[in-house]
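Visitor: For the sequence shown, full-length UniProt numbering begins at 1 and goes up steadily by one.
I have a structure I would like to understand better, so I am pasting it below and will then ask my questions one at a time.
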Amino acid sequence: MWRRTVARSAVVAENLRRFSISASPSLIPGPCIVHKRGADILHDPWFNKDTGFPLTERDRLGLRGLLPPRVISFEQQYDRFMESYRSLEKNTAGQPDSVVSLAKWRILNRLHDRNETLYYRVLIDNIKDFAPVIYTPTVGLVCQNYSGLFRRPRGMYFSAKDKGEMMSMIYNWPAPEVDMIVLTDGSRILGLGDLGVQGIGIPIGKLDMYVAAAGINPQRVLPIMLDVGTNNQKLLEDRLYLGLRERRLEGEEYISVVDELMEALHARWPKAIIQFEDFQFKWAFETLQRYRTKFCMFNDDIQGTAGVALAGLLGTVRAQGRPLSDFVNQKIVVVGAGSAGLGVLKMAFQAVSRMTGKTANPQFFLIDKDGLMTNERTGVDPSAAPFVKAIGEVKSLGLREGSDLLEVVKKVKPHVLLGLSGVGGIFNEQVLKAMRDSDSPKPAIFAMSNPTTNAECTAADAFKYAGENIVFGSGSPFQNVDLGNGKVGHVNQANNMYLFPGIGLGALLSGAHIISDGMLQAAAECLASYMTEADIQNGILYPSIKSIRHITAEVGAAVLRAAVAEELAEGRGEVGPKELGHMSKEETVEYVTHHMWYPIYSPLVHEK
Ligand SMILES: NC(=O)c1ccc[n+]([C@@H]2O[C@H](COP(=O)([O-])OP(=O)(O)OC[C@H]3O[C@@H](n4cnc5c(N)ncnc54)[C@H](O)[C@@H]3O)[C@@H](O)[C@H]2O)c1
Ligand SMILES: O=C(O)C[C@H](O)C(=O)O
Ligand SMILES: [Mg+2]
């Protein structure tokens with residue numbers, strides 16, 4: 001059945017080629033059934049085509065007279081939007097970055113609220129320019145200013161006040177089917193801390209990436225804010241704050257609210273994938289542990305980030321001209337012992353164990369706000385305990401419990417310095433200069449914290465102080481650095497956006513009821529092996545964001561195949577586990593690609 005769809009889609013792809021640089025062969029959008037007519041359709045961004053409704057459709061849907069008479073083609077609408085966007089860029093040139101970024105976000109958001117088909121088309125075709133506006137870093141600024149920017153709700157809002165009501169509330173969502181849910185409680189938004197209800201911008205931005213990168217149908221995504229209060233004093237005192245003006249629920253009270261929401265989501269959409277996003281440390285691991293064997297869910301900050309970082313670490317080994325097996329000898333200093341840092345270490349330890357066939361004790365060092373972590377430290381969280389260093393080992397290097405970052409870099413001379421601390425500028429001039437004495441001829445610096453102001457260092461500083469031969473990655477985008485004499489310091493965007501869309505899509509199409517470590521490992525390995533040797537030698541560890549649909553299809557296929565191999569795949573629709581099991585690697589990629597939604601106007605058919 002899916003092969004027939006593929007053949008039809010090739011025709012669509014051909015028709016699309018003229019217009020879109022990134023047209024992937026996608027499902028023909030068959031007629032789309034709408035249960036509304038007239039002005040209600042114009043006000044629904046899922047169905048609205050603005051001036052693009054053909055005359056016959058205007059007649060069929062009771063739209064005649066509600067629009068100016070001329071029919072404007074999709075291509076013309078697209079060009080018109082891009083012209084407005086470009087003139088906004090021109091008119092705001094020279095203004096402060098935050099003003100420009102918010103102006104760009106507003107114009108895109110208005111289109112999102114009005115006409116999703118056109119919105120997603122411009123997003124997909126201009127992903128390099130628009131991802132920084134609708135996703136990291138601007139999304140951080142949007143969350144900070146959410147109460148002022150709020151015009152229309154998007155997604156669902158559950159609050160501590162809804163306890164006992166969630167099972168029925170869930171039916172207020174208008175879409176019958178949901179494939180992808182991104183859920184936050186707003187407690188750790190990027191490196192910006194507790195933003196309470198304002199954190200809803202994060203699930204919205206992540207799901208925009210799901211549509212753009214993984215081709216999830218936007219009618220089947222659901223951003224969710226679980227408002228259990230905020231401990232942000234400024235917000236509690238802000239009379240315009242839109243969330244609950246009370247302190248966060250704690251302990252049993254908190255977990256019972258999350259339990260209820262998870263049960264409600266599962267009851268209505270048992271096959272939906274649930275991504276936990278930007279939960280504070282104390283709940284991130286606990287909720288993952290609690291739900292990962294019961295629901296098809298994952299924590300992006302712990303698990304998505306880990307895979308992207310591991311791909312970067314393995315790429316670094318290749319960039320040094322060493323065999324991958326040399327990863328076990330890398331000295332890596334991880335700064336930040338939170339959800340993300342510990343997720344990375346866990347996956348890196350697993351990789352070393354696989355390579356050596358024994359329990360790993362690699363040269364990985366962990367630093368938190370109190371300095372180097374050793375087994376002398378008291379009150380270490382159980383999730384960090386496996387990664388602290390034995391005090392004897394540390395002393396033999398001239399270090400101690402709590403040694404500061406500079407001291408650690410000077411004494412360890414690491415091959416890699418990786419920041420997931422949320423502290424902007426912590427890789428300062430001295431620390432970066434100390435990396436010049438790294439034991440590696442090509443040391444790597446990953447300043448992975450977001451948004452830009454929270455990055456551990458800028459790209460320019462990294463190349464300036466640590467030297468031109470470094471490999472550099474950052475969570476937020478930076479421009480490549482001009483090193484003079486025609487040389488360029490390449491900036492990698494080490495962001496979990498390279499994995500979460502593929503993890504979600506692969507899990508969805510596999511029909512697995514959980515997301516296993518094997519599926520996540522397959523995602524990381526796929527990303528790690530994606531780049532060519534030539535790219536890697538040039539310090540390019542990740543694909544260009546322009547090819548995010550392609551890498552997502554590959555990652556999705558890898559995840560799906562891992563689910564099949566582990567006998568977790570139950571299939572989806574007409575394609576059962578047996579059919580999935582018979583697909584070759586290439587056929588799986590093709591299968592995944594052809595399930596990606598692509599924005600073109602579908603003929604609308606009214607049904608009562
Ligand atoms: N690039 C990506 O894909 C990606 C993914 C996930 C998280 N992040 C970023 O990573 C950062 C941390 O996220 P998290 O979920 O781990 O947060 P978290 O709150 O769970 O952990 C932060 C950690 O940083 C440590 N820290 C704080 N100040 C420090 C200092 N001065 N020196 C050393 N360590 C210090 C804390 O002790 C804590 O261990 C955020 O900025 C987030 O945006 C990036
Ligand atoms: O949101 C991002 O850009 C990456 C990551 O999930 C984060 O929390 O920083
Ligand atoms: Mg996150």
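Using N, Cα and C, we set each Cβ at its ideal position, and we do this for glycine too.
Note that this is a predicted model, so its numbers are computed, not measured.
Which stretch, first to last residue, makes up the beta strand (DSSP E) that contains tyrosine 291?
Guide: Boundaries for tyrosine 291: no beta strand (DSSP E) harbours it, while the alpha helix (DSSP H) harbouring it runs 281-291, taken from the DSSP string.
Visitor: Mapping DSSP to helix, strand and coil, what is arginine 436?
Guide: helix
Visitor: Could you compute how far the alpha carbon of phenylalanine 446 sits from the alpha carbon of glutamate 89?
Guide: 30 Å
Visitor: Buried or exposed for serine 544, please, with buried defined as at least 16 other CB atoms from any protein chain shown within 10 angstroms of its CB.
Guide: exposed
Visitor: If you measure from the CB of alanine 337, is any heavy atom of ligand 1 nearer than 6 Å?
Guide: yes
Visitor: How should serine 26 be labelled, buried or exposed, when 16 other C-beta atoms within 10 angstroms of its C-beta is the threshold for buried?
Guide: Per-residue confidence for serine 26 stands at a pLDDT of 43, beneath the threshold of 50, marking its modelled position as unreliable; the derived number appears in the next sentence. The residue is buried, with at least 16 neighbouring Cβ atoms inside 10 Å.
Visitor: In angstroms with no decimal places, state the Cα-to-Cα distance between arginine 86 and glutamine 219.
Guide: 28 Å
Visitor: The beta strand (DSSP E) that contains residue 627, what's its start and end?
Guide: Since the first and last residues shown for the chain are 1 and 608, residue 627 lies out of range.
Visitor: Is threonine 305 near ligand 1, going by C-beta to nearest heavy atom under 6 Å?
Guide: For threonine 305, the Cβ falls inside the 6 Å cut-off from some heavy atom of ligand 1.
Visitor: Kindly examine ligand 1 and report whether one of its heavy atoms sits closer than 6 Å to the Cβ of leucine 418.
Guide: no
Visitor: For valine 221, which three-state DSSP category applies?
Guide: strand
Visitor: Kindly indicate which three-state DSSP category serine 147 falls into: helix, strand or coil?
Guide: helix
Visitor: Leaving out five residues before and five after residue 609 in sequence, what residues of the same chain have Cβ atoms less than 6 Å from its Cβ?
Guide: Not covered by the structure: residue 609. The range shown for the chain is 1 to 608.
Visitor: Heavy atom of ligand 2 less than 6 Å from the Cβ of asparagine 299, yes or no?
Guide: no
Visitor: Using the three-state DSSP reduction, which class does phenylalanine 53 fall into: helix, strand or coil?
Guide: Three-state DSSP puts phenylalanine 53 in coil, outside helix and strand.
Visitor: I'd like to confirm the pairing. Which residues does DSSP put opposite leucine 417 in its beta bridges?
Guide: Val333 and Ile445
Visitor: In angstroms with no decimal places, state the Cα-to-Cα distance between phenylalanine 427 and glycine 419.
Guide: 8 Å
Visitor: Assuming cysteine 526 is part of the alpha helix (DSSP H), what are its boundary residues?
Guide: Segment 517-528, the alpha helix (DSSP H) holding cysteine 526.
Visitor: Within the continuous beta strand (DSSP E) that includes serine 474, where are the two ends?
Guide: 471-474
Visitor: Are the beta-carbon atoms of alanine 507 and cysteine 296 separated by less than 7 Å?
Guide: yes
Visitor: Classify methionine 167 as helix, strand or coil using the three-state DSSP reduction.
Guide: Correct three-state label for methionine 167: helix.
Visitor: Can asparagine 450 be considered in contact with ligand 2, in the sense that its beta carbon sits closer than 6 Å to one or more heavy atoms?
Guide: Asparagine 450 Cβ: within cutoff of ligand 2.
Visitor: By Cβ distance, which residues of its chain are closer than 6 Å to glutamine 280, with the 5 residues on each side in sequence left out?
Guide: Ser187 and Arg188
Visitor: When every heavy atom of ligand 1 is checked, does at least one fall within less than 6 Å of the C-beta of residue 617?
Guide: Summary: the structure shown does not reach residue 617, with the chain confined to residues 1 through 608, and so no result is reported for it.
Visitor: Hey, would you say the C-beta of threonine 136 is under 6 Å away from at least one heavy atom of ligand 2?
Guide: Yes, Cβ of threonine 136 sits closer than 6 Å to a heavy atom of ligand 2.
Visitor: Among Lys608, Pro599 and Glu607, which one has its Cα closest to the Cα of lysine 49?
Guide: Pro599
Visitor: For serine 22, collect the residues of the same chain with a Cβ closer than 8 Å to its Cβ; drop the 5 residues on either side in sequence, then sort them by chain order.
Guide: Note that serine 22 scores 36 on pLDDT, short of 50, meaning its location in the model is unreliable and no value can be drawn from it.
Visitor: Kindly list the residues whose CB is nearer than 6 Å to the CB of threonine 363, restricted to its own chain and excluding five residues on each side of it in sequence; keep chain order.
Guide: In the sequence as displayed, the identity of residue 363 is glutamine instead of threonine. Answer for glutamine 363: Lys331, listed in chain order.
Visitor: Does the distance from the CB of asparagine 145 to the CB of aspartate 194 come in under 7 Å?
Guide: no
Visitor: Does the region 297-317 come into contact with the region 211-226, if we say contact requires no fewer than three beta-carbon pairs (one atom in each stretch) closer than 8 Å?
Guide: no
Visitor: With respect to the alpha helix (DSSP H) encompassing asparagine 91, which residues constitute its N-terminal and C-terminal limits?
Guide: 74-91 is the span of the alpha helix (DSSP H), which, as asked, contains asparagine 91.
Visitor: Could you tell me if glutamine 537 is buried or exposed, where buried requires 16 or more neighbouring beta carbons within 10 angstroms of its beta carbon?
Guide: Looking at its Cβ environment, which holds fewer than 16 other Cβ atoms inside 10 Å, glutamine 537 is exposed.
Visitor: May I have the straight-line CA-CA distance separating lysine 585 from serine 510, to the nearest angstrom?
Guide: Each residue's Cα considered, the two are about 14 Å apart.
Visitor: Under 6 Å: does the beta carbon of asparagine 496 sit that close to some heavy atom of ligand 2?
Guide: True, at least one ligand heavy atom lies under 6 Å from that Cβ.
Visitor: Roughly how many whole angstroms lie between the Cα atoms of asparagine 115 and aspartate 79?
Guide: 15 Å
Visitor: Is the beta carbon of valine 605 closer than 7 Å to that of alanine 557?
Guide: Not in contact: alanine 557 and valine 605 (Cβ atoms no closer than 7 Å).
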